[in-house]
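Residue numbers (the numbering used here): 347 to 542.
The structure appears below as structure tokens.
In structure tokens:
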């Protein structure tokens, strides 16, 4: 199964103690130590002076919901003239165009699978993905996209839902990534067949 969002990821550098990866216009640095690893993340854009923000940072939730962009404003963040649901094109307008392209490809991957495996068959208990490996690849891609959004202009945090787990992503909180990646490694160790 081809995942179009994978084309945006590549390994930039690797040695015995750490690996640098580029995902969706940001760098993920994983440093391994005996029985442990640490994670650092940064955008690859050149830093520019931060303009004074006249509005507080926005907070979002990202979770699969057929027929939507999966992107919602956090309940406490909804302004009087807004709804919770929002369009990715509106919220990601200040990001590099590749972020929106990869985000849309990621949403389309889930939506196409859901339509084919659930809606078309009318089996609403059917899994959206064929196996654990396919689902984990999609979860990790979504997680990296959510982090890229957190690192963008005017964003305070994103709650990303992977399976049944909500993960709060915000600058300076890379420990959640270590936990998430550790969980994904454990699920992969169970084998490709079956779903989490």
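For every residue, glycine included, the Cβ atom is placed at its ideal position computed from N, Cα and C.
With residue 505 and residue 425 assumed to form a contact (beta carbons below 8 Å), what rounded beta-carbon distance in angstroms separates them?
-> Not quite, the Cβ-Cβ distance comes to about 18 Å (not below 8 Å), so this is no contact.
With 16 other Cβ atoms within 10 Å as the buried cut-off, status of residue 443 | exposed
Candidates 515, 537 and 471: which alpha carbon is nearest residue 489's?
-> Of the listed residues, the one whose Cα sits closest to residue 489 is 515.
Quick one: using the 10 Å Cβ neighbour count with 16 as the cut-off for buried, is residue 448 buried or exposed?
-> buried
Ranges of the beta strand (DSSP E) found wholly within the segment 386-472, counting only runs of at least 3 = 404-408 and 417-419
Which full runs of the alpha helix (DSSP H) of 4+ residues lie inside the segment 476-509, going along the chain?
-> 478-496
Would you kindly check if the distance between the Cβ of residue 433 and the Cβ of residue 419 is under 8 Å?
-> no
Whose C-alpha, out of 524, 411, 518 and 537, is nearest the C-alpha of residue 464?
-> 411
Nearest to residue 492 (by Cα), restricted to the options 430, 437, 471 and 528 | 437
May I have the straight-line CA-CA distance separating residue 422 from residue 524, to the nearest angstrom?
-> 27 Å
So residue 528 is in the alpha helix (DSSP H); what residue range does that whole segment cover?
-> 521-535
Euclidean distance between Cα positions of residue 381 and residue 528 | About 11 Å.
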